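Chain order of the listed sequences is A and B. Numbering-wise (my numbering), the first sequence opens with residue 1 and increments by one. Numbering-wise (my numbering), the second sequence opens with residue 1001 and increments by one. The beta carbon of each residue, even a glycine, is placed where N, CA and C say it ideally should be. Here the structure is a predicted model, which means the values were calculated and not measured. Single-structure report; data block below.
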Amino acid sequence: MIRDITLGQYFSGESLIHKLDPRVKIIGTMLFIIELFIVDNFLGFLVAAVALGTVIAISKVPLSYIVRGLKPILFILFFTFALNIFMIQGEVIWQWKFLHITKEGINVAVFMAIRLFLLIIGSSLLTLCTRPISLTDGIERLLSPFKKIGLPSHEIAMMMTIALRFIPTLLEETDKIMKAQQARGADFESGNLIQRAKSLIPILVPLFISAFRIAQDLAMAMEARCYRGGENRTRMNEMKFKRRDYMAFALQTLFLGIIILEARLF
Amino acid sequence: MSIQVKNLKHIYEKGMPTEQIALDNISFDIKDGELVGIIGHTGSGKSTLLQHLNGLLKADEGNIIIGDIDITKPGVSMVQIRKRIGLVFQYPEYQLFEETVAKDVAFGPKNLGLSEKEIDERVREAIDLVGLDFEEIGERSPFELSGGQKRRVAIAGVVAMRPEVLILDEPTAGLDPKAHKDVLKMVRDVHEKTGNITILVSHNMADIANLSDKVIVIDSGKLVTLGTPKEVFSKKEVLRGVGLELPPITAFTEELRERGLQISDTILDVDEAVTEISKYLAKEE
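Following this line, the structure appears as structure tokens:
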């Protein structure tokens, strides 16, 4: 169940998208998100979807894999769709008691659903094609100009790396604790909502204790190896922009231009 | 109550490229009241086997018959099976979660749906069985106890369910020598007082040799040999072949025998070794 969530996961590959500098990919994803909010008609979404489709095709990440990651957020998609379709005032085309659907409602609901859909796929593509380590490296470099105003960019990046690193460890720990409590007769599947929530306590308390223990061990191990933050720290793999990165930048800028133009014209 | 395992097979990630045969064609019988030791190298499939015995993992092939129920048949209630078979995992102290020791030990019996009175009785009995004092620690937080005490409280949590079969996965791992000794004594005490089947997994050959009625040796998911400790530990070459050693005292006396001392073979405990060697020395004089 927990293992099915592909959102935020890495899909290892050797494609051009995988090889791009993480900074290019982060900026590209941010631009894509901004573009989705600039777009104000369906034609604009079509352009964005084609562009996104092309990137997915180049990245060689199977579409089924991406879609599977969407499952847990399907609920949010439906929820916003339902809210929009029933809440917006305008020309009524269907009514039942206090519920009514309007032409404008359908329009906005579909519009928003497409926007959310593209938003989620676009941003999950970033993590699917970028190793967590290089992703956080990229974030660190992008945030480094803000060091001057006191933003601890290295520390933020390190925290993110550690968080990502320990997701599988904590999943394994949860599995172990669940089995141990099941062996003591715990039942997680039956009962009403409150009973089920209560049945989580025997998992959550040991899990929290384990998490603190792991954190403490890790901190100790890092200190034993003289880790003391980002000051004057050099790295093994320096990030350098290559030709393909400049090309990708150029394409991103071009695409931003197209989207703005499209929004203006139509 | 007896346990029969027939041609058990388990495959991890079946059908995936990373498919792995964890257990292959394992068969053995355990009679009522026996204390069985399971030994094998790390990753040999011991833990996988244990999880089958109380239904946490499902067999891909083969049967496990506990008492008169075949738990591999569809439709068998695993909750019912787990009530009869207590499984203590490695490092069980990490599963403690309640505010007090008494409440934590009561978790299992509570899940069995017993009355308050019965629960209280069983909690006291279990804490007593694992060699702790209810009056002293019953109302304390389990998190402020020492490592060895925590482990015993966790084991008491399973013992309190009065399982007909008690399975312990490396109950002494990571304990200091004194706690190690205490936990072993506890395992023996619980076994003798309750008369249940006890299955013990350990890396410590001396512990297995001293405690078990029967020893099962597993390597790479296959059953290598089984028999009484004397039978198993007389097969030195077989054990070496799967990366296991003899108990220290046995290794010592075997070495003496090789150097020409006429003492009996496969001596498993120190007292026996002392008698044998003094007998030999007396004869020499």
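Only exposed fits A:C226, as fewer than 16 other CB atoms lie within 10 angstroms of its CB.
Neighbours of A:I177 in chain B, taken as residues at a C-beta separation under 8 angstroms, are given in chain order as Y1094 and Q1095. At a cut-off of 8 angstroms, the C-beta of A:P168 has no neighbouring C-beta in chain B. The residue among A:I209, A:I120 and A:F255 with its C-alpha nearest the C-alpha of B:F1097 is A:I209. A distance below 7 angstroms between beta-carbons, with the five flanking residues on each side excluded, links A:T102 to the following residues of its chain, in chain order: I88, Q89, G90, E91, V92 and I93. The C-alpha of B:V1123 is placed about 39 angstroms away from the C-alpha of A:A163.
Chain A has no Cβ within less than 8 angstroms of the Cβ of B:L1145.
When DSSP states are grouped into helix, strand and coil, A:N107 belongs to the helix group. Only buried fits A:P206, as 16 or more other CB atoms lie within 10 angstroms of its CB. Setting aside the 5 residues that flank it on each side, A:F249 is surrounded in the same chain by V24, each with a C-beta closer than 7 angstroms to its C-beta; the list follows chain order.
B:E1245 and B:K1236 have their C-alpha atoms some 8 angstroms from each other. With respect to A:P202, B:F1089 sits apart: the two C-beta atoms are not nearer than 8 angstroms. Interface annotation, B:G1033: not in contact with chain A, CB-CB separation never under 8 angstroms.
Shown here is that no member of the region 119-148 of chain A has a Cβ falling below 9 angstroms from a Cβ of chain B.
Chain B has no Cβ within less than 8 angstroms of the Cβ of A:P62. Using beta-carbon distances, A:I85 does not count as an interface residue toward chain B, since no partner is under 8 angstroms. In the DSSP annotation of this structure, B:L1057 is not part of any beta strand (DSSP E), being labelled neither H nor E. For B:K1031, the three-state secondary structure derived from DSSP is coil. Counting C-beta pairs closer than 8 angstroms gives three or more between the region 127-146 of chain A and the region 55-75 of chain A, which meets the contact rule.
Contact between B:N1007 and B:G1067 does not hold, since their C-beta atoms are separated by about 19 angstroms, which reaches or exceeds 8 angstroms. Put simply, of A:I260, A:I156 and A:I56 the residue whose alpha carbon is nearest the alpha carbon of A:L118 is A:I56.
Secondary structure within the region 192-256 of chain A: the alpha helix (DSSP H) runs of 4 or more consecutive residues, fully enclosed, are 193-198 and 201-224 (chain order).
Residue burial annotation: B:V1274 is exposed, with fewer than 16 other C-beta atoms found within 10 angstroms of its C-beta.
For the region 203-225 of chain A, the set of positions with a beta-carbon nearer than 7 angstroms to some beta-carbon of chain B reads V205, P206 and S210 in chain order. The beta-carbon distance between B:L1129 and B:V1159, rounded to whole angstroms, is 6 angstroms. This is short enough to meet the 8 angstroms contact definition. Against chain A, a Cβ distance below 7 angstroms from B:R1257 picks out nothing, because the smallest value is about 44 angstroms. Taking C-alpha positions only, B:V1153 is separated from B:V1190 by approximately 13 angstroms. Spanning the alpha carbons of A:F79 and A:F111 requires a straight line of approximately 14 angstroms.
Within 10 angstroms of the beta-carbon of B:Q1080 lie fewer than 16 other beta-carbons, which makes it exposed. Remark: C-beta atoms of B:G1241 and B:L1023 do not approach each other more closely than 8 angstroms.
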